[in-house]
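The C-terminal position of the sequence shown is numbered 201 in full-length UniProt numbering, with every residue numbered one higher than the one before it. Even glycine gets a Cβ: it sits at the ideal position worked out from N, Cα and C. Scroll down for the structure; my scribbles are underneath it.
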Amino acid sequence: AAPVSGGPCPLDHVLLVKNVNPEMCTAQVLATLFGVYGIVNKVQLIKPEQSAVVEMASSEMASCARQFLDGCPLFSNNLSVVMSPEHCKDDGSTLKFSADARPDWPHRYADASSVPNAAELVPPTTTLSVSGIANNVVNDELKAVFANTGTEVVEIQRLSLSSALIELSSLDDAVKAVVASHNTELKGERLQATFSLTLIQ
Numbered sequence: 001a002a003p004v005s006g007g008p009c010p011l012d013h014v015l016l017v018k019n020v021n022p023e024m025c026t027a028q029v030l031a032t033l034f035g036v037y038g039i040v041n042k043v044q045l046i047k048p049e050q051s052a053v054v055e056m057a058s059s060e061m062a063s064c065a066r067q068f069l070d071g072c073p074l075f076s077n078n079l080s081v082v083m084s085p086e087h088c089k090d091d092g093s094t095l096k097f098s099a100d101a102r103p104d105w106p107h108r109y110a111d112a113s114s115v116p117n118a119a120e121l122v123p124p125t126t127t128l129s130v131s132g133i134a135n136n137v138v139n140d141e142l143k144a145v146f147a148n149t150g151t152e153v154v155e156i157q158r159l160s161l162s163s164a165l166i167e168l169s170s171l172d173d174a175v176k177a178v179v180a181s182h183n184t185e186l187k188g189e190r191l192q193a194t195f196s197l198t199l200i201q
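Rendered as structure tokens:
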């Protein structure tokens, strides 16, 4: 494709994220949120410009993340997500999150083959699907985990001993809850949180 207006061509797997809350948002937060939609390799936070560059593992993952996260609220700011003309800079401001660079990072997907396709993923919603719940955890303990993230739980519906639907008071709260609660340890198990289109009955 020809460069647009004389500028460089956008890279098909790299995203430019604007309107990032500079006081609340970290590279780890963005890696967790964008990691809902694929494998994040790198994040460069550019605080003076309230923006970030996020490198995904493939063009499909980047396209999916852009589709679902453009306009998504995060710490009271609505993110703007577009394709980026530049890679993350290797100048110390970039953090790597790929499995080989960060084996300790709580990767949501083991590899590219385990990432659902776009039709199976859902946009941010006020209802979360939470799995990995220890069998002896009661709803009040689950609610306390989310209260500790500064979010307000409206209702919890257990689907089984190990999974539940959790409705948050707002979309902003739900996004914060996914970022803050994912991989939280509770009674020896680690919670897995993502968005759900299934509503609590």
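1. When you compare only the Cα positions, how much space is there between Val54 and Leu30?
2. Using the three-state DSSP reduction, which class does Glu189 fall into: helix, strand or coil?
3. Which complete beta strand (DSSP E) runs does the stretch 35-64 hold, if anything under 3 residues is left out?
4. Reducing DSSP to helix, strand and coil, say where Ala101 ends up.
5. Tell me, please, whether the stretch 126-139 touches the stretch 99-111 by the rule of three or more beta-carbon pairs shorter than 8 Å.
6. Would you say the stretch 45-60 touches the stretch 138-157, given that touching needs at least three Cβ pairs under 8 Å?
7. Hey, could you find the ends of the beta strand (DSSP E) Ala110 is sitting in?
8. Helix, strand or coil for Ser170 per DSSP?
9. According to the neighbour-count rule (16 or more other Cβ atoms, all chains shown, within 10 Å of its Cβ), is Leu33 buried or exposed?
10. Roughly how many whole angstroms lie between the Cα atoms of Val115 and Ala177?
11. Determine the DSSP secondary structure at Phe146, reduced to helix, strand or coil.
12. Could you give the C-beta distance for residue 203 and Leu79, rounded to a whole number, given that I count them as a contact under 8 Å?
13. Under a three-way DSSP split, which group does Ser160 fall into?
14. Are the stretch 73-90 and the stretch 153-172 touching by the rule of at least three beta carbon pairs closer than 8 Å?
15. Counting C-beta neighbours from all protein chains within 10 Å, is the total for Glu155 16 or more, i.e. buried, or is it exposed?
16. What distance in whole Å lies between the Cβ atoms of Val81 and Ala65, which are believed to be in contact at a cut-off of 8 Å?
On the basis of the coordinates in this document:
1. 8 Å
2. Strand, per DSSP.
3. 40-46 and 51-56
4. Coil at Ala101, not helix or strand.
5. Contact between the stretch 126-139 and the stretch 99-111 is absent, because fewer than three Cβ pairs lie under 8 Å.
6. no
7. Per DSSP, Ala110 belongs to no beta strand (DSSP E) and is neither H nor E.
8. coil
9. Counting every other CB atom within 10 Å of its CB across the protein chains shown gives Leu33 a total of 16 or more, marking it as buried.
10. 21 Å
11. helix
12. The requested residue 203 does not occur in the structure, where the chain is confined to residues 1 to 201.
13. coil
14. yes
15. exposed
16. 7 Å
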